[in-house]
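Residue numbers (the numbering used here), protein chains in the order written: chain A, 19 to 131; chain B, 6 to 122. The beta-carbon is built from N, C-alpha and C at its ideal position, and this holds for glycine as well. What follows is one structure encoded as structure tokens, with my remarks underneath.
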Amino acid sequence: DIVMTQSPDSLAVSLGERATINCKSSQSVLYSSDNKNYLAWYQQKPGQPPKLLIYWASTRESGVPDRFSGSGSGTDFTLTISSLQAADVAVYYCQQNYNTPKTFGQGTKVEIK
Amino acid sequence: EVQLVESGGGLVQPGGSLRLSCAASGFTFSTYWMTWVRQAPGKGLEWAATIKEDGSEKYHVDSVKGRFTISRDNAKNSLYLQMNSLRAEDTAVYYCARDAMRGGDMDVWGKGTTVSV
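Take a look at the structure:
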């Protein structure tokens with residue numbers, strides 16, 4: 019199974035500042051046939067289901083604000099919130115969909131400092 | 006509107022069974038892979054099972070293999086999770102999710118149904 023490890027477990031950022039979350043996979047999730055990284059990011063607010071933010075490591079889902087961006091390839095990935103808003107307080111999860119089981123990271127809780 | 010609505014959760018004794026359902030609407034259900042994801046109280050997300058569009062391929066996480074079975078009825082636009090031999094560690098909110106056509110990320114989620122064992 020591919021193990022997904024996020025860091026940090028939590029972070030507190032001032033409004034308008036940058037938040038950066040890292041995600042590392044135990045093996046590459048880059049699919050050679052299409053050169054795409056099968057890595058997604060989700061946002062989950064309290065009491066709500068997860069919401070897809072980013073797929074293929076760096077492609078924003080329709081309707082997601084452009085302050086959210088994803089980067090990385092192979093085994094190392096980053097989710098960046100360029101200017102944190104109050105609405106961004108949530109837990110963020112990375113997930114590999116390269117193969118089954120489609121494992122998630124443990125989550126990173128983002129709060130306002 | 007694209008929508009997924011789960012039902013069937015509840016309180017069950019260890020060793021008991023439950024069948025979760027997920028009603029899909031607003032899209033052509035039969036053309037999408039579908040997934041169940043669960044979340045234990047205060048914990049992270051865990052992928053539980055995925056099924057191909059026509060039901061010919063099914064995948065389950067090791068911890069539920071032999072106890073849970075994912076299935077679907079495309080004529081009824083419905084996804085199911087049959088859960089047998091339930092354990093305390095199966096206590097969770099169970100989400101139904103649609104797999105995006107481009108790959109295994111999940112682009113539509115239901116609100117979830119709670120299972121307590």
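Does residue i have its Cβ less than 8 Å from a Cβ in chain A?
i	result
B/LEU25	no
B/MET106	no
B/MET39	no
B/LYS116	yes
B/VAL120	no
B/TYR100	yes
B/GLY31	no
B/GLU94	no
B/LEU84	no
B/MET88	no
B/GLY47	no
B/GLY109	yes
B/ASP78	no
B/GLU6	no
B/LEU16	no
Using the DSSP secondary-structure output, state which residues sit across from residue i in a beta bridge.
i	result
A/MET22	A/SER43
B/THR118	B/TYR99
B/GLU11	B/CYS27
A/SER28	A/LYS127
Answer yes or no: does any C-beta atom of chain B fall closer than 8 Å to that of residue i?
i	result
A/GLN124	yes
A/THR121	yes
A/PRO83	no
A/PRO26	no
A/LEU29	no
A/GLU175	With chain A covering 19 to 131 only, the question about residue 175 of chain A has no answer from this structure.
A/LEU70	yes
A/ALA75	no
Look at the Cβ atom of residue i, then the Cβ atom of residue j, and state whether they are nearer than 8 Å.
i	j	result
A/THR126	A/LEU33	no
B/ASN122	B/ASP104	For clarity, residue 122 of chain B is Val in the given sequence; the question names Asn instead. Cβ distance not < 8 Å, so B/VAL122 and B/ASP104 don't count as in contact.
A/LYS69	B/GLY109	no
B/GLU6	B/THR118	no
B/SER76	B/GLY60	yes
B/TRP41	B/LEU86	yes
A/ASN53	A/THR96	no
A/THR93	A/SER46	yes
A/GLN66	A/TYR111	no
A/SER87	A/SER100	yes
A/VAL31	A/VAL109	no
B/ASN79	B/SER26	no
Check whether the Cβ of residue i sits closer than 7 Å to any heavy atom of the ligand ATP, and report yes or no.
i	result
B/CYS27	In the structure on display, the ligand ATP does not appear, and there are no ligands present to speak of.
Check each residue of the stretch 86-111 of chain A: if its Cβ is closer than 9 Å to any Cβ of chain B, include it; give the result in chain order.
Within the stretch 86-111 of chain A, those residues whose Cβ lies closer than 9 Å to any Cβ of chain B are, in chain order, VAL109, TYR111.
Could you pull out every unbroken beta strand (DSSP E) segment of at least 3 residues lying fully inside the stretch 13-69 of chain B, listed in chain order?
Here the runs fully enclosed are 23-30, 39-44, 50-56, 63-65.
Against chain A: residues of the stretch 55-71 of chain B by CB proximity under 8 Å
THR55, TYR64, VAL66, ASP67: these are the residues of the stretch 55-71 of chain B whose beta carbon lies less than 8 Å from some beta carbon of chain A, given in chain order.
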